[in-house]
Each structure stands twice: as C-alpha cells, then as structure tokens.
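Residue numbers (our numbering), protein chains in the order written: chain A, 1 to 208; chain B, 209 to 416.
Remarks on the structure that follows.
There are 2 protein chains.
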Amino acid sequence: MKTNRRTNDPDGVRRRIVDAAYDAFVRQGYLATGMLEIREKASVSGGALAHHFPAKRDLGLAVIRDRVAQVVTATWIAPLQAHADAPTAIDSIFAAIIGELTSRRAVAGCPLNDMALELSLHDAEMRVALSDIFASWHDALRAKFYADVLADRARDLHPDSLATLIIAAYSGAMAMAKARQHAIPLADARTELAALLAAKYHRITPAG
Amino acid sequence: MKTNRRTNDPDGVRRRIVDAAYDAFVRQGYLATGMLEIREKASVSGGALAHHFPAKRDLGLAVIRDRVAQVVTATWIAPLQAHADAPTAIDSIFAAIIGELTSRRAVAGCPLNDMALELSLHDAEMRVALSDIFASWHDALRAKFYADVLADRARDLHPDSLATLIIAAYSGAMAMAKARQHAIPLADARTELAALLAAKYHRITPAG
DNA sequence: GATGAAACAGGTCAATCATCCTGTTACCCA
DNA sequence: TGGGTAACAGGATGATTGACCTGTTTCATC
C-alpha cells in the first residue's frame with residue numbers, strides 16, 4: 001500500500017489538535033463533537049490523533065488545562081493585574097467582551113462555564129480541573145479586592161464573597177446572552193456591577 | 209409472535225416519558241442521554257416512545273416547555289409573588305435552594321441554565337424556547353422590583369438591569385456550585401445580593 | 001357492530017461513534 | 001552506522017445511537 005510522507009512535528013500536531021478541539025468544544029460542546037471532525041479540522045490522521053490522545057477524555061482534559069485556563073487568564077486575571085483597581089479592571093473587561101460579542105455573529109458563551117456545566121457530572125477529573133480554574137479566577141479577584149482595601153480605596157467589602165458575585169454575575173450573564181443571542185444581559189450586568197462597586201469604593205479622583 | 213397486552217393511557221405514558229427525560233437531561237445532559245435509557249426509565253416500548261415523540265428533538269422541546277418552565281415558575285416566579293417584597297423573596301429562594309443542595313448528594317445545577325448552554329447553539333427552536341423562559345423569569349423579577357418602587361419600598365433602582373443581575377448571579381453561582389460540588393458559591397451570592405438590595409431598599413421596619 | 005384512527009408492542013436498520021490495529025517513517029543515542 | 005523508539009499513516013471494528021417499520025390492540029364515532 002502507498003502511504004504518504006509523514007510530517008514529524010509532535011508539538012505542532014498536538015497544538016493543532018488541541019486548537020481544533022477547543023474551537024469545536026466551545027462552539028458545539030464536548031459530546032456533540034466527534035473525533036473524526038477534530039481530525040479533519042486539524043488535518044491529522046487517525047494514527048496521529050490516537051498517538052497524542054489515546055482517548056477523547058485525554059483530549060478534553062488537555063483542552064481544559066491548556067486552552068480554557070489560558071483564556072481565563074488572558075481575559076480576566078491578566079487585565080485584573082494590569083489595572084489600578086478592581087472596579088476599573090472589571091468594567092474594562094466587560095466592555096471588551098461586549099464589544100467582541102457584538103462584532104461576532106454568534107454568541108458562544110464563556111468556555112469555562114460551558115464546559116463546566118456539560119462535564120462536571122460526567123467526569124470527575126474534568127470537574128476538578130474546571131473547578132481549579134474557577135478557583136484561580138476567584139483567587140485573582142479576591143486578591144485584587146483585598147489589595148484595594150489595604151490601599152484604602154474601599155472599605156466594608158468582603159473580598160471573598162464579592163469575588164464570587166462578580167464571577168457568578170459574569171458567567172450567568174454570558175449564559176443569558178447565549179440563550180438570547182444578544183449582548184444585552186452582559187450590558188445590564190456591567191451597569192449593575194459598576195454601580196455596586198462604585199458604592200463600595202471611595203471616589204477615584206483625589207478629593208480636597 | 210406473542211405480544212404483550214398494551215396499556216392504553218396516552219397522557220400517563222407521555223408524562224412518564226417526559227418525566228424520565230427531564231430527570232436524565234438534568235442529571236447528565238441532553239446529548240449524553242440515549243433514547244433507550246429513557247425508554248427503560250419510563251418503562252415504555254420503542255413504539256410508544258416513537259408515537260408520542262417521533263424524534264429526540266421533539267422530546268427535548270417538550271421537556272423544556274413543560275418541565276423546565278414549570279420548575280422556574282415553581283422555584284422563582286411563584287415565591288416572588290407570594291412574598292411581600294423582592295429582597296425577602298429572593299433571600300428565601302436562595303435559602304431554600306441552598307438547603308436543598310446541601311441535603312442532596314450531588315449538585316446538579318439549574319435546569320434552565322444547563323440546557324440553555326448545551327442546546328442554544330445546537331437547535332434554534334430550543335434556543336427560543338429556553339430564551340422565552342429566561343424572559344418570563346426576568347419579567348417576574350422586573351415587575352416585582354417595579355411594584356416595590358411604586359410602593360415606595362425602594363428608590364434609585366433600575367428594575368430591568370437589576371432583574372438581569374439577580375438571574376445572572378443565581379445562574380452563575382449555580383454553575384460554580386456544580387463545578388465545585390458545594391453550595392458555598394450560592395451562599396456567597398446570597399450574602400452579597402442581600403447586602404446590595406438592603407442598600408437600595410428602605411428599612412422594612414417602620415421608622416419613627 | 002362496523003370502521004377508521006389513535007395508541008402501543010417489539011424488533012430492525014443504517015449511520016455514526018470512539019477506539020484500536022498493523023505498517024511505515026523519521027529521529028535519537030550509542 | 002545501526003538499532004530502538006517515538007511519531008505518524010491509513011484504515012478496520014464493534015458498540016451504540018436515533019430513527020423507523022410492520023403488526024396488533026384499544027377507543028371513539030356513527
């Protein structure tokens with residue numbers, strides 16, 4: 001039998017597989033995506049896919065730990081640390097997401113939230129991996145709120161439960177936006193959260 | 209061939225099918241549930257299932273429109289109308305859910321949220337049906353807030369966006385609770401929402 | 001009490017799914 | 001430079017899926 005020349009690029013092939021799988025999982029879900037579809041999207045043979053990821057489960061775990069965690073870091077954790085205070089960071093993050101959703105044709109939802117709801121009761125290891133991402137997200141927000149309290153930018157503020165509320169409001173608004181296929185719920189959540197945080201924080205502009 | 213005597217009970221059979229499907233969809237998801245599994249859980253033959261629901265899609269739509277809508281009404285809309293004001297109603301709803309989750313062994317999540325995230329991009333008609341439930345939920349909350357403003361129980365309150373925030377915070381906290389398999393995120397959200405609403409509302413106890 | 005339609009029984013079927021298998025080729029190290 | 005292993009290629013396979021099909025029985029209606 002005639003067999004094509006093979007490309008020897010383990011890292012590249014693996015990355016192409018995980019990228020294709022991430023796109024498919026986010027757009028249509030883990031269970032709705034077939035291995036054949038991922039093969040075609042990534043342009044890899046069945047043997048290559050089986051070599052890097054013996055089971056679909058392994059691919060799911062890789063997507064969660066590599067891509068989903070990275071997206072949460074890039075979208076939330078890094079901006080949080082880049083801005084001066086939590087309210088400013090949160091509002092600009094919401095603005096960025098809303099702008100991205102409006103320009104896109106379909107509202108796909110939050111990757112972490114989507115996969116968490118689909119897989120938490122389906123696979124214990126995936127559940128833990130997803131829960132860990134939620135935890136690191138929560139930690140980053142809590143730390144930012146705590147830093148703001150220490151710097152006397154705010155008071156009477158519970159970093160822990162407030163961080164939970166921010167994540168929950170964002171995730172839930174994303175779910176509503178996905179069902180409605182419109183960014184309005186996110187805009188509403190943004191407005192309310194901004195007002196809530198403004199009430200807890202002192203004026204940013206230095207008062208005389 | 210020998211065929212068993214059949215039970216002639218259209219409504220009962222249909223209800224058993226929808227009940228079994230609802231349980232399975234909430235526990236493990238729509239795609240993860242097979243028609244055979246539903247048949248066995250509902251104790252109906254393949255012919256009966258095909259007669260009432262020619263395609264799985266039809267069963268999914270029936271579950272959404274019958275059961276999911278009913279659960280949201282029973283859990284949120286009815287209690288909202290039963291309590292004197294929105295904050296009291298919301299807090300007692302959260303308390304009930306948290307109590308139920310704690311007593312149960314597994315945190316299954318919000319049925320509406322779960323199915324919305326799984327099916328919104330998968331089937332347009334289901335997406336609309338789920339979006340309609342979100343809309344009726346939102347309407348009930350908005351109306352309650354508006355009534356409270358009219359009755360001068362609160363002011364400087366935007367019923368529309370505040371209703372969105374409540375639903376989003378609840379849905380998101382449910383998702384976090386499902387990933388973590390613990391009710392803590394819901395308790396956090398409850399605390400923060402109660403404080404937020406208390407700040408917007410006048411004291412319930414009549415002041416001198 | 002004849003008749004047409006609805007309600008059901010039980011089994012079949014093609015398609016799709018994830019997985020795995022046997023070869024073949026490139027790379028690494030001694 | 002030779003041998004071992006990782007990195008692929010290209011199918012094959014058995015299980016499972018949703019859908020469907022042919023009978024049979026009950027019910028409503030006249």
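Even for Gly, the Cβ is constructed at its ideal location relative to N, Cα and C.
Would you say S161 (chain A) lies against chain B (beta-carbon separation less than 9 angstroms)?
Closer than 9 angstroms to some Cβ of chain B, the Cβ of S161 (chain A) qualifies, so yes.
Have a look at A:A42, A:N8, A:P10 and flag the residue whose alpha-carbon is nearest the alpha-carbon of A24 (chain A).
A:A42
Taking the beta carbon of D396 (chain B) as the centre, do at least 16 other beta carbons fall within 10 Å, making it buried, or is it exposed?
Counting Cβ neighbours within 10 Å, D396 (chain B) comes out buried, since at least 16 surround it.
Starting from the Cα of L196 (chain A), find the closest Cα among B:H410, B:L370, B:A391, B:L394 and give me that residue.
B:L370
Proximal residues of chain A, C-beta to C-beta of Q236 (chain B) below 9 angstroms:
L121, H122
Taking C-alpha atoms, which residue in B:L239, B:I375, B:G254, B:A290 lies nearest to A177 (chain A)?
Checking every option, the nearest Cα to that of A177 (chain A) belongs to B:I375.
Residues within the stretch 236-251 of chain B neighbouring chain A, beta-carbon criterion of under 8 angstroms:
Q236, G237, L239, A240
At 8 angstroms on the CB atoms, spell out the chain B contacts of L196 (chain A), in chain order.
L404
Give the DSSP-derived three-state secondary structure of A154 (chain A) in the structure shown.
strand
Span of the alpha helix (DSSP H) around V234 (chain B)
For V234 (chain B), the uninterrupted alpha helix (DSSP H) run begins and ends at 218-236, by DSSP.
For the pair the stretch 53-71 of chain A and the stretch 341-356 of chain B, tell me if three or more CB-CB distances fall below 8 angstroms.
no
Give the DSSP bridge partners of Y146 (chain A), in chain order.
Answer is none; Y146 (chain A) lacks a bridge partner.
Is the separation between the beta-carbon of G172 (chain A) and that of A383 (chain B) shorter than 9 angstroms?
yes
Taking the alpha carbon of A337 (chain B) as the reference point, which residue from B:Q289, B:Q278, B:L239 has its own alpha carbon closest?
B:Q278
Since V221 (chain B) and V252 (chain B) are thought to touch, with beta carbons under 8 angstroms apart, how far apart are those beta carbons, to the nearest angstrom?
6 angstroms
Checking the sheet assignment: what are the DSSP bridge partners for Y201 (chain A)?
A:A154
Could you check which residue in A:D148, A:R39, A:L186, A:H138 has the C-alpha nearest to that of A84 (chain A)?
A:D148
Please list the terminal residues of the continuous alpha helix (DSSP H) segment that includes V211 (chain A).
Here chain A comprises residues numbered 1 to 208, so residue 211 (chain A) is not present and cannot be evaluated.
Can you tell me the Cβ-Cβ gap for V68 (chain A) and I133 (chain A), rounded? I've got them flagged as a contact below 8 angstroms.
6 angstroms
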